[in-house]
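K.L.:
Below you will find the structure I want to go over with you.
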Amino acid sequence: MNSEQIEKWLPHRYPFLLVDRVLELKPGESILALKNVTYNEPFFTGHFPGLKLMPGVLIVEALAQAGGILLYHSLPDPEKVVMVLSKIEEVKFRKPVVPGDQLKLSVQMLRQKAGFYYFSAQATVDGEVVVEGKLTAGLMKKNKPDEGK
C-alpha cells in the first residue's frame with residue numbers, strides 16, 4: 247500500500263501523516279509498515295538544533311497510525327468510525343532515531359473488549375528495537391457533515 251492509498255484510510259495529512267508505506271497487512275492480526283525519516287522533517291527544526299532526533303512521541307504516533315490502518319481493515323464498516331488512541335502503556339524508548347533512518351512499524355492486534363482494541367507495537371531500525379509498547383484504541387462514530395453544528 248503506497249502513500250496515496252494510505253491517505254484513503256487515515257485522516258492524517260502532511261506533516262502529521264507518519265506512515266509512508268504498508269508492506270504487509272493481515273486484517274484482524276497484524277501490520278508491517280514503513281516511515282522513512284528524512285533530514286527535512288519539520289520536527290527536526292527544534293528537536294534539537296545541532297542534534298536531530300525524532301521525538302519519541304511521534305514514533306508512538308506512527309505506530310498508532312499503523313494500528314489504525316490495521317483496525318480499519320479489520321472492521322465491517324470502517325467508513326462510519328474514527329479510531330482514537332485512548333491509552334499507551336509500557337512504552338520503552340530504546341535507541342534514538344535520526345535523519346536517514348527507516349522505521350519499520352510492526353503492530354499486532356491482541357484483542358477487542360468492551361469497545362476497545364488492544365495492540366502490541368514495536369518500531370525497529372536496521373533490525374534493532376527503538377520503541378516498543380502497548381496501545382489501546384476506541385472508536386468514535388463519524389458525524390455527518392450537518393451534525394454537531
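Take the sequence shown: its position 105, counting from 1, is numbered 351 in this note's numbering, and each next residue is one higher.
Don't be surprised by glycine CBs; every beta carbon is placed ideally from N, CA and C.
Bear in mind that the values here come from a model prediction, so they are computed numbers and not experimental data.
Buried or exposed: residue 381, going by 16 or more other Cβ atoms within 10 Å of its Cβ?
P.N.:
It is buried - the Cβ of residue 381 has at least 16 other Cβ atoms within 10 Å.
K.L.:
Inspect the beta-carbon positions of residue 262 and residue 313 and report whether they are closer than 7 Å.
P.N.:
Cβ distance not < 7 Å, so residue 262 and residue 313 don't count as in contact.
K.L.:
Residue 379 by DSSP, collapsed to three states: which one?
P.N.:
In this structure, DSSP gives residue 379 an extended state, which the three-state scheme calls strand.
K.L.:
Assess contact between the segment 368 to 379 and the segment 341 to 348, defined as three or more Cβ pairs (one per stretch) separated by less than 8 Å. Is contact present?
P.N.:
yes
K.L.:
Who pairs with residue 256 in a beta bridge, going by DSSP?
P.N.:
DSSP lists no partner for residue 256.
K.L.:
Among 362, 339, 251, 386, which has the Cα closest to the Cα of residue 303?
P.N.:
339
K.L.:
Is DSSP giving residue 291 helix, strand or coil here?
P.N.:
Helix, per DSSP.
K.L.:
Here's the rule: buried if 16 or more other CB atoms are within 10 angstroms of the residue's CB, otherwise exposed. What is residue 268?
P.N.:
buried
K.L.:
Counting along the chain, where does the alpha helix (DSSP H) carrying residue 271 start and finish?
P.N.:
Note, residue 271: premise wrong, no alpha helix (DSSP H); beta strand (DSSP E) at 267 to 272.
K.L.:
Smallest Cα separation from residue 376: which of 284, 358, 386, 348?
P.N.:
Ranking 284, 358, 386, 348 by Cα distance to residue 376 puts 348 first.
K.L.:
Can you check DSSP and say which residues form a bridge with residue 332?
P.N.:
Note: residue 332 sits in no beta bridge, so no partner.
K.L.:
Between residue 264 and chain C, is the shortest Cβ-Cβ distance under 7 Å, so that the two count as touching?
P.N.:
The displayed structure is made up of one protein chain only, and chain C is not part of it.
K.L.:
At the level of alpha carbons, what is the spacing between residue 334 and residue 256?
P.N.:
19 Å
K.L.:
Quick one: residues in its chain with C-beta nearer than 6 Å to the C-beta of residue 278, no 5 flanking neighbours on either side, listed in chain order?
P.N.:
269, 270, 352
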